[in-house]
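These notes concern the structure reproduced below.
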Amino acid sequence: MKTQTCLMLMLYSAAVIGLGGCNNQSAFERTQVEGIVTLNGTPVEQGVITFIPAGKGASAGAKIESGKFVIPKETGPSPGEYKVEIDSSIPTGKQILDTDGETMVTEYENGIPPRFNRQTELTVTLKEGNNQQLFDLETK
């Protein structure tokens, strides 16, 4: 659990910090985004959502908790076109050897299909003001 969860959180944190660091925040107008993420009709319990601009603009991400996410305007993306990546670590039910080479830990995998994260098919257009988004993901 430690290894996979820590790795995912570190990657998410680095991406959000890195994306924020690449952009001069005063150069971009920002917008608030909030919404719901479900997988096959069930709220995604925990995960991360990332908005990646199709062109120029500020990127942003947030934690998903009980299917809900909020990105306040102060740290939000710019209005415009975005690709959206959604990730959620779930236990596989297996134990694996931890990086210390001695301890067995719970194995995790991404419970969201690649077409909604690394090979995302999700796109949105964000407008000025408050954006409400519903991502109703189906695995079928």
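If you're matching positions, the sequence shown starts at 1 in the numbering used here and goes up one per residue. Don't be surprised by glycine CBs; every beta carbon is placed ideally from N, CA and C.
Residue i to residue j span [Cα, whole Å]
{"i": "ILE36", "j": "ALA62", "result": "12 Å"}
{"i": "GLN133", "j": "ARG115", "result": "18 Å"}
{"i": "GLU107", "j": "ILE96", "result": "6 Å"}
{"i": "ASN24", "j": "ASN110", "result": "Because the pLDDT of ASN24 is 44, which lies under 50, any placement of that residue in the model is unreliable, and the number read from its coordinates should be weighed accordingly. Cα to Cα, the separation comes out at about 32 Å."}
{"i": "LYS73", "j": "GLU102", "result": "45 Å"}
{"i": "LYS142", "j": "ILE71", "result": "Past the boundaries of the shown model lies residue 142; the chain is included only from 1 to 140, so the question cannot be answered."}
{"i": "ASN131", "j": "THR125", "result": "9 Å"}
Whole-number beta carbon distance between residue j and residue i, since they are thought to touch under 8 Å
{"i": "SER66", "j": "GLU34", "result": "In fact, because the Cβ distance is near 13 Å, the residues do not count as touching under 8 Å."}
{"i": "ILE112", "j": "LEU39", "result": "7 Å"}
Buried or exposed by the 16-neighbour rule on C-beta atoms within 10 Å, applied to residue i
{"i": "ASP100", "result": "exposed"}
{"i": "ASP147", "result": "One cannot answer for residue 147 here, as it falls past the ends of the chain, which runs 1 to 140."}
{"i": "THR226", "result": "Lying outside 1 to 140, the shown extent of the chain, residue 226 is not represented and no answer is given."}
{"i": "GLU138", "result": "exposed"}
Residue j beta carbon less than 8 Å from that of residue i
{"i": "GLU29", "j": "ALA54", "result": "no"}
{"i": "LYS83", "j": "THR120", "result": "yes"}
{"i": "ILE64", "j": "GLY76", "result": "no"}
{"i": "GLY57", "j": "SER78", "result": "yes"}
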